[in-house]
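Novice: Going line by line, the protein sequences match chains S and U. Each residue of the first sequence is one higher than the one before, counting from 192 in my numbering. Each residue of the second sequence is one higher than the one before, counting from 192 in my numbering. Positions of the beta carbon are idealized from the N, C-alpha and C atoms, including for glycine. Note that the structure is a prediction, hence the values are computed from the model and not measured. I'd like to ask some things about the structure below.
There are 2 protein chains.
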Amino acid sequence: MNSKERFLNACRGLPVDRPPVWIMRQAGRTLPEYQELRSRYSFWQLCRTPDLAAEATLQPVRRFGMDVAVIFSDILVVPAAMGLEVRFTPRLSITPPVREARDIERLLPIRPDSNLDFVAEAIRLVDEQSTAGPAVLGFSGAPFTLACYMVEGGPSKHFHQIKGMMYGAPGVFADLMERISAAVTSHLRHQIEAGASAVQLFDTWAGELGPADFRRCALPYLRRVIEELRPTGVPVIYYVNGIGNLLEAAAQTGADVLGIDWRLDLVEVRRRLGKGQALQGNLDPAILFAEEPVIRKKIFEMLDQTGGRGHVVNLGHGVIPDTPLAGIRAFVNAVHQWGNDRNG
Amino acid sequence: MNSKERFLNACRGLPVDRPPVWIMRQAGRTLPEYQELRSRYSFWQLCRTPDLAAEATLQPVRRFGMDVAVIFSDILVVPAAMGLEVRFTPRLSITPPVREARDIERLLPIRPDSNLDFVAEAIRLVDEQSTAGPAVLGFSGAPFTLACYMVEGGPSKHFHQIKGMMYGAPGVFADLMERISAAVTSHLRHQIEAGASAVQLFDTWAGELGPADFRRCALPYLRRVIEELRPTGVPVIYYVNGIGNLLEAAAQTGADVLGIDWRLDLVEVRRRLGKGQALQGNLDPAILFAEEPVIRKKIFEMLDQTGGRGHVVNLGHGVIPDTPLAGIRAFVNAVHQWGNDRNG
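Structure (structure tokens):
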């Protein structure tokens, strides 16, 4: 069973020889070979130059042997393609912020075959360079999270601009969310056409919503995006940090796989959800700073909870900057070892 | 029924004429009269000078008529009293960070009647200046949260230092938690002796733990602190941001009241907990940026969920800086109005 079959089977809850493993944010900041690349190119240059993005995508897979190569990109490529200026230095800013109906009018419809084709092209290159290799995972920010960035104009602690729009101008909010959802769908479909084996929706900020607001302001748009991707036949993974309060609602998105953050016990998740979806996650990323025996013990405990079925092994959040390479290696190796112990 | 009776009855699940109301972080940054005070004194000067702290405590109560005067102080007074240097500018730092057994040896035992008496003295002054007035609420950081600050040495995004200690040096972690717990107990007992009607434990960072780690690394210390305060007879409120994943475990702390953040629906909380504890919360602080009718509608919906019984009305998190004063007023007034509508 190769990595792609293993990953796709796990996403669909089908039998696997061992659970597939990858790490959110595996491509990038933790790797010396990435730092070397980064010393020569800006982050945006790496994202927008397909052969460089493909190289960054494959670096962790070559070093550690993950089953999945998540494409090196950023969730903010979508707001950028909609005409906003996205800067990462000195701090993240997305300008001009979208606050009123007329700001929405000025947004561009995205044309993934032109202004986002660099992502698809990177996927094609990764796929070419690794025929017997990893599954290629495309991704996009989820609509609510992209709306947060676009309305707040950058990172936010309290999200009162977007919530002000939700509560005070629901028509404007709905219009914005519809446009973003169309852009997300189009971006993901284009990645799938380029060869992505699966796609992930990252909903970084939806955990800031209570369940009622999530059902009203995020869920309908997620359902629409996922429904429109259904004919492609590829699995969709939905990740929201802080899924604990939203688990039952998140299950209604129609996603094939739910990403679970580290604050939940997977046995409890299975009890609440039944067997409808595969799960992805969910080790505390801080554990990778521990010694190898601690990491192995934690992974074995987690895998014993799920039995390794319908389970894409991952951290419960993106890898922490400065995580020791030995911790990442121990993580991947422990999954392999659990599989070997079990099969042998 | 005066404010103090109303608040204490609500904490104990007893009948009230209307639910009591206050706002986490009501004293301080949002008020112009506080800004005026702050233009003359540093934050630490305000905390450590009892008549100034008493003044800052009473400012919001005078302006808005909350039922509770939460003492103007900071959770970091405890690490400071244990001998660490706490600076707020240019960014928060707690030095030297506590990383090893010998760092713990150097911590001072706190003597609340000397190096923390300014808090108790402020409580005595507030109590004197408001005989027919609000309940006075003392507070402390909870042990795990204080340990996070002391080990990380400041705010943290990923908490890998403290988690490294939890996983890698459990004996050192336990020793630190025991010392902090003793300090917290002593600090809270001293506030109660000075006249606090109730005390709140703020566990700002415990929501970063999964349920298993919470039960192992935070819960036993919380139980001990609360158990040791039991003979005083005053209610204890336990607040953890992100309580959704920890609700059942948090109920085992022995706290009389659980603070609920805005990401949970109170009907769901009651269903999960039964009627064991009173609840405090839980409006989304961002709602105070909305217009008055939206705020009133949200509060009425929330109070209709609990029926106003065993419910201390509050936000689900501290008030956001720059919240409009009109929003705070609308919040407090709506609770009064709900009570009036209901009674008559």
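1. Taking only three categories from DSSP, how would you classify residue 432 of chain S?
2. Could you list which residues in chain S have their beta carbon closer than 8 Å to that of residue 485 of chain U, in chain order?
3. Closest by CA to residue 517 of chain U, which one among U:196, U:201 and U:223?
4. Could you tell me whether the Cβ of residue 476 of chain U comes closer than 8 Å to any Cβ of chain S?
5. Let me know the secondary structure DSSP gives residue 372 of chain U once reduced to three states.
6. Within the continuous beta strand (DSSP E) that includes residue 393 of chain S, where are the two ends?
7. Less than 7 Å between C-beta atoms, sequence neighbours within five positions excluded: which residues of the same chain meet that for residue 458 of chain U?
8. Got a sec: is the Cβ-Cβ distance from residue 351 of chain S to anything in chain U below 8 Å?
9. Could you tell me which uninterrupted beta strand (DSSP E) segments, each at least 3 residues in length, are contained entirely in the region 309-390 of chain S, listed from first to last along the chain?
10. Answer with yes or no whether the minimum CB distance from residue 532 of chain S to chain U is below 8 Å.
11. I need the straight-line Cα distance from residue 396 of chain U to residue 451 of chain S, nearest angstrom please.
12. Alpha carbon to alpha carbon, what distance is there between residue 393 of chain S and residue 207 of chain U?
13. According to DSSP, is residue 527 of chain U helix, strand or coil?
14. Taking just the CA atoms, how far does residue 246 of chain S sit from residue 233 of chain S?
15. Throw me the rounded Cβ distance for the residue 410 of chain S and residue 440 of chain S pair, which I believe falls under 8 Å.
16. Establish whether the CB of residue 394 of chain U and some CB of chain S are separated by less than 8 Å.
17. Going by the beta-carbon positions, is the gap between residue 283 of chain U and residue 345 of chain U smaller than 8 Å?
18. Sorted by chain position, which residues of the same chain lie with C-beta nearer than 7 Å to residue 380 of chain S's C-beta, five sequence neighbours on each side aside?
19. List, in chain order, every chain U residue whose beta-carbon is nearer than 8 Å to that of residue 482 of chain S.
20. Counting only the same chain and skipping the five closest in sequence on each side, list residues whose C-beta sits under 6 Å from that of residue 336 of chain S.
21. Please confirm whether residue 228 of chain S and residue 237 of chain S have their CB atoms less than 8 Å apart.
22. Going by DSSP, what residue range makes up the alpha helix (DSSP H) through residue 284 of chain S?
23. Please compile the residues from chain S whose C-beta is within a distance smaller than 7 Å of the C-beta of residue 456 of chain U.
24. Between S:244, S:203, S:404 and S:389, which lies nearest to residue 425 of chain S when the distance is taken from Cα to Cα?
25. Under DSSP, the beta strand (DSSP E) around residue 449 of chain S begins and ends at which residues?
26. Let me make sure I understand the geometry here. Which of S:530, S:334 and S:275 has the alpha-carbon closest to that of residue 429 of chain S?
27. Take every Cβ of the region 264-273 of chain U, pair it with every Cβ of the region 371-380 of chain U, and state whether three or more of those distances are shorter than 8 Å.
28. Within its chain, find whatever has a CB closer than 7 Å to the CB of residue 216 of chain S; leave out the 5 residues flanking it on each side and keep chain order.
29. From the DSSP output, in three-state form, read off residue 472 of chain S for me.
30. Whose Cβ in chain U lies nearer than 7 Å to the Cβ of residue 345 of chain S?
31. Of all the options U:446, U:431, U:456 and U:449, which has the alpha carbon lying nearest to the alpha carbon of residue 436 of chain S?
32. Measure the Cβ-Cβ separation of residue 326 of chain S and residue 252 of chain S and say whether it is below 8 Å.
33. Where does residue 140 of chain S fall in DSSP's three states?
34. From the beta carbon of residue 519 of chain S, is the nearest beta carbon of chain U less than 8 Å away?
35. Of the residues U:254, U:294 and U:264, which one's Cα is nearest the Cα of residue 243 of chain U?
36. With a 10 Å radius around its C-beta and 16 neighbouring C-beta atoms as the bar for buried, classify residue 341 of chain S as buried or exposed.
Specialist: According to the structure shown:
1. Here residue 432 of chain S sits in coil by DSSP.
2. Within chain S, the residues near residue 485 of chain U are 358 and 359.
3. Selected option, being the one with the closest Cα: U:223.
4. Contact with chain S is found for residue 476 of chain U, since one of that chain's Cβ atoms lies less than 8 Å from the residue's Cβ.
5. Helix.
6. Taken as a continuous stretch (DSSP letters only), the beta strand (DSSP E) holding residue 393 of chain S covers 389-394.
7. The answer, listed in chain order, is 496.
8. Among the residues facing chain U, residue 351 of chain S is included, as its CB has a counterpart in that chain under 8 Å away.
9. Here the runs fully enclosed are 326-332.
10. Residue 532 of chain S does not count as touching chain U.
11. The straight-line gap separating the alpha-carbon atoms of residue 396 of chain U and residue 451 of chain S is approximately 19 Å.
12. When only Cα atoms are considered, residue 207 of chain U and residue 393 of chain S end up about 45 Å apart.
13. Residue 527 of chain U carries a helical assignment under DSSP once its states are collapsed to helix, strand and coil.
14. Roughly 14 Å between the two C-alpha positions.
15. Contact check for residue 410 of chain S and residue 440 of chain S: beta-carbon distance about 6 Å, within the 8 Å limit, so the pair qualifies.
16. With 8 Å as the cut-off, residue 394 of chain U does not count as an interface residue toward chain S.
17. Result yes, Cβ atoms of residue 283 of chain U and residue 345 of chain U sit closer than 8 Å.
18. Listed in chain order, the non-local C-beta contacts of residue 380 of chain S below 7 Å within the same chain comprise 420 and 423, local neighbours out to five positions each way being set aside.
19. In chain order: 359.
20. Cβ within range, chain order: 394, 395 and 396.
21. At a Cβ-Cβ threshold of 8 Å, residue 228 of chain S and residue 237 of chain S count as neighbours.
22. For residue 284 of chain S, there is no enclosing alpha helix (DSSP H); the enclosing beta strand (DSSP E) covers residues 284-286.
23. Here the neighbours are 401, 402 and 403.
24. In terms of CA proximity to residue 425 of chain S, S:389 leads the group S:244, S:203, S:404 and S:389.
25. Looking at the DSSP string, the run of the beta strand (DSSP E) that includes residue 449 of chain S is 448-450.
26. If you compare the alpha carbons of S:530, S:334 and S:275 with that of residue 429 of chain S, the shortest gap goes to S:334.
27. By the Cβ test, the region 264-273 of chain U is in contact with the region 371-380 of chain U, since at least three Cβ pairs between them sit closer than 8 Å.
28. Contacts found: 509 and 510.
29. Residue state, collapsed to three classes: strand.
30. Within chain U, no residue comes near residue 345 of chain S; the closest Cβ sits about 16 Å away, beyond 7 Å.
31. The residue with the shortest Cα to Cα distance from residue 436 of chain S is U:456.
32. Cβ atoms of residue 326 of chain S and residue 252 of chain S: not closer than 8 Å.
33. For chain S, the structure presents residues 192 to 535; residue 140 of chain S sits outside this window and is missing.
34. Output row for residue 519 of chain S: interface = no.
35. Residue U:264 is the option with its Cα nearest to residue 243 of chain U.
36. Residue 341 of chain S comes out buried.
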